[in-house]
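Visitor:
Numbering (the numbering used here), first residue to last: 18 to 282.
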């Protein structure tokens, strides 16, 4: 078992880097989402404060790039086909997010013809990314012996599926399909759409918190495993010769012969 863990040491280190990058992208997004929900349903001054600090711009840049880097690292961590298929799908979706980020640079006010459709596409991919991140994190935690990992991953994926269905209903309620391409939002936001929007927002925040928690848990568990294997490898390494030569201390030390004595300075 120890030899097997040592064989996985390089993979564990790569997974640690991947989950670290994912955590860098997800944790700030999670905090901003919480601030947004509290400000939207509570004190609007929180939204004004966050907007003045430019938190939305920072997170909108940090999250897609960090998750893209993390997904790229995780994609090459394991050679298992199932892992590479899911990590590759996550990587593709992250590439779409980065492409959307570049398009947003040219339309920062979201007033272009394709702005609303671009936002809806990002929301749709977000639910699939939640499910993939929960699955990958749960697989690593289960591999490292965490008993509750599979159940936590399954519940998060179920919540992501529920959120995707609510989002689909909201999309059908708000999209003006009769206007043709590019898709635009209906000019009137009905009561049903408002209720669906509130439900979608709350489910998105809860699911994001759960996914971020799974990613951080996987990061901590992999880091512990890397440190443990590294300590075991250090303890099992041979010490090697400590002295370049050995002198028999039982024999008396002989003085230098007069002829061989080095000259004094």
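We treat Cβ as the ideally placed atom computed from N, Cα and C, and that holds for glycine. Just so we're clear, the structure is a prediction, and the values are computed from it rather than from any experiment.
#1: According to DSSP, is residue 202 helix, strand or coil?
#2: For residue 180, which of 230, 154 and 145 has the nearest alpha-carbon?
#3: Under a three-way DSSP split, which group does residue 94 fall into?
#4: Taking 9 Å as the cut-off, decide whether the C-beta atoms of residue 152 and residue 169 are in contact.
#5: Among 187, 78, 52 and 204, which one has its Cα closest to the Cα of residue 210?
#6: For residue 40, which residues in the same chain have their Cβ closer than 6 Å to its Cβ, ignoring the five residues on either side in sequence?
#7: Taking the alpha helix (DSSP H) that residue 131 belongs to, which residues open and close that run?
#8: Could you tell me the boundaries of the alpha helix (DSSP H) in which residue 58 lies?
#9: Taking only the alpha-carbon atoms, compute the straight-line gap between residue 51 and residue 196 and give it to the nearest angstrom.
#10: With a Cβ-Cβ cutoff of 9 Å, do residue 106 and residue 149 count as a contact?
#11: Buried or exposed: which applies to residue 242, given that a residue is buried once 16 or more other Cβ atoms fall within 10 Å of its Cβ?
#12: Give me the residue from 212, 201 and 171 with the minimum Cα distance to residue 129.
#13: Within the region 61-124, note down every full alpha helix (DSSP H) run reaching 4 residues or more, in order along the chain.
#14: For residue 161, which residues of its own chain have a beta-carbon under 8 Å away from its beta-carbon, when the five flanking residues on both sides are left out?
#15: Below 8 Å on the Cβ atoms is my guess for residue 283 versus residue 64; work out the distance and round it to an integer in Å.
#16: Which first and last residues belong to the alpha helix (DSSP H) in which residue 186 is found?
#17: In angstroms with no decimal places, state the Cα-to-Cα distance between residue 126 and residue 133.
#18: Can you tell me the Cα-Cα spacing of residue 182 and residue 176, whole angstroms?
#19: Can you grab the Cα-Cα spacing for the pair residue 85 / residue 115, in whole Å?
#20: Output yes or no for whether 9 Å exceeds the beta carbon distance between residue 123 and residue 31.
#21: Relative to the C-alpha of residue 33, which residue among 90, 73, 42 and 81 is closest?
#22: Distance check for residue 36 and residue 206, CA to CA, integer angstroms please.
#23: Is it buried or exposed, residue 87, if we count other Cβ atoms within 10 angstroms and call 16 or more buried?
#24: Enumerate in chain order the residues of its own chain whose CB-to-CB distance from residue 131 is below 6 Å, with the five nearest sequence positions on each side excluded.
#25: Mind reading off the beta-carbon distance from residue 135 to residue 120? Whole number of angstroms is fine, and I expect it under 8 Å.
#26: Could you tell me the alpha carbon to alpha carbon distance between residue 261 and residue 29, rounded to whole angstroms?
#27: For residue 219, tell me which candidate among 45, 101 and 184 has the shortest Cα-Cα distance.
#28: Below 8 Å on the Cβ atoms is my guess for residue 213 versus residue 249; work out the distance and round it to an integer in Å.
Guide: Checking against the coordinates, here is how it stands:
#1: strand
#2: Of the candidates 230, 154 and 145, the one whose C-alpha sits nearest the C-alpha of residue 180 is 145.
#3: coil
#4: no
#5: 187
#6: Annotation for residue 40: 232, 233 and 236 place their beta carbon closer than 6 Å to its own, counting only its chain and skipping 5 residues before and after.
#7: From DSSP, residue 131 is part of no alpha helix (DSSP H); its letter is neither H nor E.
#8: 26-58
#9: Whole-angstrom Cα-Cα distance: 35 Å.
#10: yes
#11: buried
#12: 201
#13: 62-70, 72-92 and 98-123
#14: 238, 239 and 242
#15: With the chain covering 18 to 282 only, the question about residue 283 has no answer from this structure.
#16: 166-191
#17: 11 Å
#18: 10 Å
#19: Residue 85 and residue 115 have their C-alpha atoms roughly 8 Å apart.
#20: no
#21: 90
#22: 39 Å
#23: buried
#24: 199
#25: 6 Å
#26: Because the pLDDT at residue 261 is just 41, under 50, the model does not fix this residue reliably, and the value given afterwards should be weighed accordingly. Cα to Cα, the separation comes out at about 38 Å.
#27: If we check each option's Cα against that of residue 219, 184 comes out closest.
#28: Their Cβ separation, rounded to whole angstroms, is 53 Å, which puts residue 213 and residue 249 out of contact at 8 Å.
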